[in-house]
Amino acid sequence: MVRAENSMIPDYEDVGTGKAVVFLPGMEGAKEFWHFQAAVFKEKYRAISCSYIRRQPKLSRTIAEYAADIIRLLDSLHLEKAAIIGESFGGVIAQELTLAYPQRVVVLVLCNTVDRARSENFGVNMFTLATFIHPLTFFFPKARRKAILTWVGKHRGFVMDPSPGNDQLAEYILEYGLLPGIGGYMDRIIAGIKVNFTTKLETVSVPTLIIRGSEDRIVGPKTVAELVGRIPGAELALINGGGHCCQQTKPEATNRAILEWLERQGY
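Residue numbers (the working numbering): 121 to 387.
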């Protein structure tokens, strides 16, 4: 476990040796999100799992500031370039990195993410209700929280899914879901909601893999199809039975998809 001494550099975990693979988590911003991946990737790669700097909300905040944090981390580790793998909010940061610092990104993996703010699957349905219930979990007694997240997963609410792996995702959320605080979440929402990479993605020139859990209702099939179509040469890997956080609920399938693709890219 490594903690950056410079407050402008994100905390991170650095394990293994070889070519660098940098993992960017979702909006909760915990490096621990990637522990199923780091445990496997370290056998072949230098696996660097990042957290995000906790900020107070600022209306002028942009995703470029979060990307700049990652660049400072790469600089502190003396890494000229790396494979970048981003989940959800981390995938948005990964897109910014690739567009703004193309010389620093060798290959790109975008997991369950979007190119701009979308509301594809929201409406009068159980997904919307379960998504609304999800953040209320922490207002319930601790003994009830996991059961509530299990119910949310049954209806594919927010980041949950109905797979057996939803249990370990619930454990992760209960431990790290409050990490950023309300202010930290607001700051990330402010930065993320301004993003619109739609017309810029055609300039991405690095090999790109797009991962989607088949049960993900935050990032729907239409969004992913458009994302794949906009990035030249992008490939899609569908994780059957996984949801928005398939790295947690379907880690073996997710790891296999990414590792096999990296090998095909000669990385």
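Cβ coordinates follow ideal geometry from the N, Cα and C atoms, glycine included.
If you count every other CB in all the chains shown that lies within 10 Å of the CB of residue i, and 16 or more means buried, which is it?
i, result
"R276", "buried"
"T323", "exposed"
"P371", "buried"
"T319", "exposed"
"A373", "buried"
"E380", "exposed"
"L249", "exposed"
"A290", "buried"
"F153", "buried"
"M121", "With a pLDDT of only 42 at M121, under the threshold of 50, the placement of this residue in the model should not be trusted, and no figure is reported."
"R337", "buried"
"R181", "buried"
"E345", "The sequence shown places Ala at residue 345, not Glu. The residue in question, A345, is exposed, as its Cβ has fewer than 16 Cβ neighbours within 10 Å."
"V234", "buried"
"V315", "buried"
"L347", "buried"
"I378", "buried"
"E125", "With a pLDDT of 41 at E125, under the threshold of 50, the predicted position of this residue should be treated as unreliable, and no value is reported."
"I359", "buried"
"I204", "buried"
"G303", "exposed"
"A243", "The sequence given here places Gly at residue 243; Ala does not occur at that position. It counts as exposed."
Per DSSP, which residues does residue i bridge with? Please list them.
i, result
"F143", "S169 and I205"
"N328", "One detail in the question is off: residue 328 reads as Thr in this sequence, not Asn. BP columns for T328 point to L228."
"N316", "R236"
"G363", "In the DSSP output, where bridge partners are listed per residue, G363 has none listed."
"G333", "I359"
"V135", "A167"
For residue i and residue j, which I take to be in contact (beta-carbon distance under 8 Å), what is that distance rounded to the nearest angstrom?
i, j, result
"A187", "E216", "4 Å"
"L228", "V339", "Not really, about 16 Å apart at Cβ, beyond 8 Å."
"I330", "L230", "5 Å"
"M246", "D189", "Between D189 and M246 the Cβ distance is about 37 Å, and since that is not below 8 Å, they are no contact."
"G206", "Y165", "Not confirmed; about 16 Å, so no contact."
Do residue i and residue j have their C-beta atoms closer together than 8 Å?
i, j, result
"T369", "S283", "yes"
"R402", "L299", "Since the first residue shown for the chain is 121 and the last is 387, residue 402 is missing from the structure and cannot be characterised."
"I173", "F143", "no"
"Y387", "K139", "yes"
"L382", "R350", "no"
"V279", "G361", "no"
"K162", "D131", "no"
"A354", "I183", "no"
"F394", "R224", "The shown model of the chain, from 121 to 387, leaves out residue 394, and the question about it has no answer."
"K266", "V226", "no"
"E335", "D281", "yes"
"N286", "G273", "yes"
"Y221", "I191", "yes"
| said: When you compare the segment 196 to 206 with the segment 173 to 186, are there three or more beta-carbon pairs, one atom per stretch, that lie closer than 8 Å? | reply: The segment 196 to 206 is not in contact with the segment 173 to 186.
| Can at least three beta-carbon pairs, one atom from the segment 307 to 319 and one from the segment 289 to 298, be found at a separation below 8 Å? | These segments do not touch.
| query | Any contact of the segment 143 to 156 with the segment 200 to 213, i.e. 3+ C-beta pairs under 8 Å? | reply | Result yes; three or more Cβ-Cβ pairs closer than 8 Å.
| Does the segment 364 to 384 come within contact of the segment 149 to 164, defined as at least 3 CB pairs closer than 8 Å? | Yes, they touch.
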